Structure formats: structure tokens, C-alpha cells
């Protein structure tokens, strides 16, 4: 036991300044960004990005506590990855466009095979070999890991096709048809648009809009599988903790798989806000998951297995959105009614996001974000299409005056 501790300490000295080992960060991470996770219970179909996004209509209710332009990108080829398909999902024809060997794969030396099975390094030579392996994977992994900004919210993502399709978390993508700013580790910025998402597992997709890379392909990750992951397997988490930082770029942390389930992976990689949506690689650089939710401490975190993206590729790439992440429901804290085609506020809950934003009883809400509000149902629908912690501009009519407010979406648990 004492020898193992000494070996792990040696690795801490070997791995670079932007890498952490066993969940211990070497670089000081910035403050966490606001994160949010929510969804709609109904199956939803997104319109083209150049039109107003319309999601499924929520159930009628007088409480809004449950209860946004470019050409639509071409539909990509599905990942060439062997995954068992559910009976209800039609298996598409796979092509070579989404190559299974990407650029992040680095063959594992024979001396490190035991680490893939959950063992710890047992010699200094093995530690040096692990250091070399991590550094090789890190260089390629960071090239295809991106920062994502949608509105005021920030997160991470990973490019998985040469045409710029990005896997991320659903709560980072927010909703289909949202404009996104994609930032590479070298600071280059391009425009993107959010596509579909499966909120029930927190899986989302974004595409970089065409003609922004001089006709050159984007660097993209190698797809792997989490099916045969052993508890204790070493893994590499990449992302932008606290949001993109030009002086730092993306950060890689080394950790281990605590548990692997079909619907989620649990690791001890140290993650904070801003890392959400970033990639989780195995020791040979294969993408095995996407960062989802941060646990009760920074060293217990959930990741979406990459198989979920493979199974739902057609649905997400076409802009479909469905499911709801358990425990998260966007809310603003008002009750109201429709009167003469207007959304009239009749109650503002004390301490609610609406009260903090300055909404009053008898205010008429006419615009929520980029959506025109024509009745109280349209307000409820607009709220369900947001995420907790999002800041949304709000326009109300108070008497004969127009008031511009900003409301921070709450979470009705």
C-alpha cells in the first residue's frame, strides 16, 4: 500500500501542469460558471435554425413554474461504431465519413495493458510509460475539445466528425436551434448551432456551421466504447473548467472509473462548472463518455456513455429533442391568466426569480427572450424551453410603460 502511494505521488510530478491525477488538480481552476439542467417531458421536433424554435406544448396549467440563424446543416453520417441497437431504432447505413480511428487514438503499450483492467502502476518504468501515454493522448484530445458559449452559459464539447459535429451535454446545448460560439484551444472561434438532444440522459449535439475552416477538415476524436470498462480503469477528462480561458486552454485530468453502467459512468476525475459536455477518454485516447453532472464533490462525477449518442445519432442530428433530466424543471415563479390575448400576471411568489427580476402583479408579459408572448400558455411554453440559471431578457407592460427586465431562471424541484 505504501509503495502504491509513492508511485502515485511520482506520477503527480511526471504529468504536466495542465493535468491532474486521481482527481487532484495541479493548476488552480477558475470559478465555476452557472450550470443548469432541465428538459421537457414531451417528445419535441426542432424547426430549421433560421426559424423560431418551437418545442412540444406543455400541459395546461396556471402556474409557469414548470414549467432562441443560419441554414440547417446537412445531416451527418452515423458513427462507425459497433453498438447494440434497440429494437425500436432503425439501424442506419454506416459510412467511412465518421471514421472509427479519429486522431486521438494512441495504441497502448504492452506494459500498460494491466492499467486498462483497473490495476495501478507497479514500477517507475510503468509510471514513465503512463506519462508518455497521457501526454500523447492529451495533445490530440485537446485539439478536438472545444469551449461552447450559448448566451451567457458556458460549457465544453468534443468534435467527432471532420465536418464539425460536436457531442456535448444536453444542458449545455440548451435547446435546438440556438446560436453557439465554439472556441478551440488555440483561441480560434467559429459559429455553430445546437441540434437535437436526449435530455433524459443529458446528451446533446451541436454543429459548426459550414465554410469556416477554409475547406479543411476539423480534428475529431476516436470513438470508443464503455461496454467493457472495468472498475478502476484509468481515464482522461478534458474540458474548460470555469469556462474558456485563453491563457490556459483546455485542461486534462487523469482519474479512474468508479463504476460503469449502461446509462451512466461514474469517475473520480475532478470536474467543475464549465467542464460539462467535455470528453472522457480511456487511456488509449478513445472517447468513452461526455461529462454530465458534477456530484456532491468535485471528485464524484457522472458522464454519458458514448453509446447513447451512437444509438440516437439520427434523431439528434436531425434536431429532435426529447426527454427530461430528472430533478430539474425551469421556473420563474408567477401565476397568471390570458386576458384579451395578453399574458397577465396575477401572482408573484415571494423570493422567486420573477420577484427578484422586478415583475409585479398586473404586469403584461409581451416578450420572453426572443419569443413574442401572446397568452399565458405561450409564456409557460417559453419557460419550459430554457434551463435553470439562464438569464433571459423580459419585456413587460406596466400601465402605459414598457419595462425591460432580466430574469434568472429558477429550478422547481
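Numbering (the numbering used here), first residue to last: 1 to 413. The C-beta atom is built at its ideal place from N, Cα and C for all residues, glycine as well. This structure is a prediction, so every number in the text was calculated from the model and none was measured.
- Applying the criterion that 16 or more other CB atoms from any shown protein chain within 10 Å of the CB defines a buried residue, is residue 284 buried or exposed? Burial state of residue 284 is buried, judged by a 10 Å Cβ sphere holding 16 or more other Cβ atoms.
- Task: Quick one: using the 10 Å Cβ neighbour count with 16 as the cut-off for buried, is residue 415 buried or exposed?
- Result: The structure shown does not extend to residue 415, since the chain is modelled only from 1 to 413, so the question has no answer here.
- Message: Helix, strand or coil, according to DSSP, for residue 308 in the structure here?
- Response: Residue 308 falls in the helix class under three-state DSSP.
- Task: Give the secondary structure of residue 134 by DSSP, where H, G and I count as helix, E and B as strand, and everything else as coil.
- Result: DSSP places residue 134 in helix when its eight states are reduced to three.
- Relative to the alpha-carbon of residue 317, which residue among 168, 389, 336 has its alpha-carbon at the smallest distance? Out of 168, 389, 336, the CA that lies nearest to the CA of residue 317 is found in 168.
- Query: By Cβ distance below 8 Å, which residues in the same chain neighbour residue 355 in space, the five residues on each side in sequence not counted?
  - Reply: Closer than 8 Å at the Cβ level, and outside the excluded window around residue 355, lie 333, 348, 349.
- Just the Cα atoms here: how many angstroms apart are residue 192 and residue 325? CA-to-CA, the gap between residue 192 and residue 325 works out to about 24 Å.
- Measuring alpha carbon to alpha carbon, tell me which of 337, 406, 280, 387 ends up nearest residue 224. Comparing alpha-carbon positions, the option among 337, 406, 280, 387 lying closest to residue 224 turns out to be 280.
- Item | Whole-angstrom C-beta distance between residue 341 and residue 375, which should lie under 8 Å | So it is a contact: roughly 6 Å between Cβ atoms.
- Pull up the CB-CB distance for residue 322 and residue 198, whole angstroms please, since I reckon it's below 8 Å. Correct: roughly 6 Å between the Cβ atoms.
- In whole angstroms, what separates the C-alpha of residue 412 from that of residue 127? Cα to Cα, the separation comes out at about 48 Å.
- Could you tell me which residues DSSP puts in a beta bridge with residue 156? The partner list for residue 156 (beta bridge, DSSP) reads 147.
- At what residues does the beta strand (DSSP E) containing residue 122 begin and finish? Premise fails: residue 122 is in no beta strand (DSSP E) and is neither H nor E.
- Query: In or out: residue 402 buried (at least 16 other Cβ within 10 Å) or exposed?
  - Reply: Taking all protein chains shown into account, residue 402 has fewer than 16 neighbouring C-beta atoms within 10 Å of its C-beta and is therefore exposed.
- Pick helix, strand or coil for residue 383, following the three-state DSSP scheme. Note: residue 383 maps to helix in three-state DSSP.
- Just reading off the alpha helix (DSSP H) that residue 230 is part of, what are its end residues? It is not in any alpha helix (DSSP H) - residue 230 carries neither H nor E in the DSSP assignment.
- Could you name the residues of the same chain whose beta carbon sits closer than 7 Å to that of residue 346, not counting the 5 residues immediately before and after it, in chain order? Once the five neighbours on either side are set aside, the close Cβ partners of residue 346 are 335, 336, 337, 361.
- Alpha carbon to alpha carbon, how far is residue 157 from residue 400? Their backbone Cα atoms lie some 46 Å apart in a straight line.
- Message: Let me make sure I understand the geometry here. Which of 404, 152, 373, 173 has the alpha-carbon closest to that of residue 436?
- Response: Outside the shown range of the chain, which is 1 to 413, sits residue 436, and nothing can be said about it.
- Message: Quick test of your reading: residue 267 and residue 257, contact by CB under 8 Å. State the CB separation rounded to the nearest angstrom.
- Response: Here residue 267 really is in contact with residue 257; their C-beta atoms are around 5 Å apart, less than 8 Å.
- Query: Taking the C-alpha atoms as reference points, what is the distance between residue 216 and residue 190?
  - Reply: Put simply, the backbone Cα of residue 216 is about 14 Å away from that of residue 190.
- Message: In whole angstroms, give me the CA-to-CA distance for residue 272 and residue 291.
- Response: Using only the alpha carbons, I get a separation of about 10 Å.
- Run through DSSP, which three-state label would residue 110 get? In the displayed model, residue 110 falls within a helix according to three-state DSSP.
- Would you mind reading off the limits of the beta strand (DSSP E) that contains residue 279? In the DSSP assignment, residue 279 falls within the unbroken beta strand (DSSP E) covering 279-282.
- Does DSSP put residue 169 in a helix, in a strand, or in coil? It is a strand residue.
- Item | residue 178 in three-state terms, based on DSSP | In this structure, residue 178 counts as coil in the three-state DSSP scheme.
- Task: Put residue 390 into one of helix, strand or coil per three-state DSSP.
- Result: Three-state DSSP puts residue 390 in coil, outside helix and strand.
- Which of helix, strand or coil DSSP assigns to residue 355: It is helical.
- Task: Figure out for me which residue from 343, 154, 209, 188 has the closest Cα to the Cα of residue 364.
- Result: When only C-alpha atoms are compared, the closest one is 343.
- Query: What residue does the beta strand (DSSP E) around residue 205 start on, and which one ends it?
  - Reply: Annotation: the continuous beta strand (DSSP E) that includes residue 205 extends over 203-208.
- Task: Put residue 23 into one of helix, strand or coil per three-state DSSP.
- Result: Residue placement at residue 23 cannot be trusted, given a pLDDT of 38 that sits under 50; the coordinates are not used to answer.
- For residue 274, I'd like the list of residues in its chain whose CB is within less than 6 Å of its CB, leaving aside the five on either flank, ordered along the chain. Only 33, 154, 240, 241, 242, 243 meet the Cβ criterion.
- Task: Run through the region 313-349 for me and flag every whole beta strand (DSSP E) of 3 or more residues, listed as ranges in chain order.
- Result: Counting only runs of 3 or more, we get 320-322, 334-338, 343-348.
- Item | Beta-carbon proximity list for residue 418, same chain, < 8 Å, skipping 5 on both sides | In this structure the chain extends from 1 to 413, so residue 418 is not present and cannot be described.
- Message: Rounded to the nearest angstrom, what separates residue 287 and residue 306 at their Cα positions?
- Response: Their backbone Cα atoms lie some 7 Å apart in a straight line.
- Buried or exposed: where does residue 142 fall if 16 or more other Cβ atoms within 10 Å of its Cβ makes it buried? Here residue 142 is buried: its Cβ has 16 or more other Cβ atoms, across all protein chains shown, within 10 Å.
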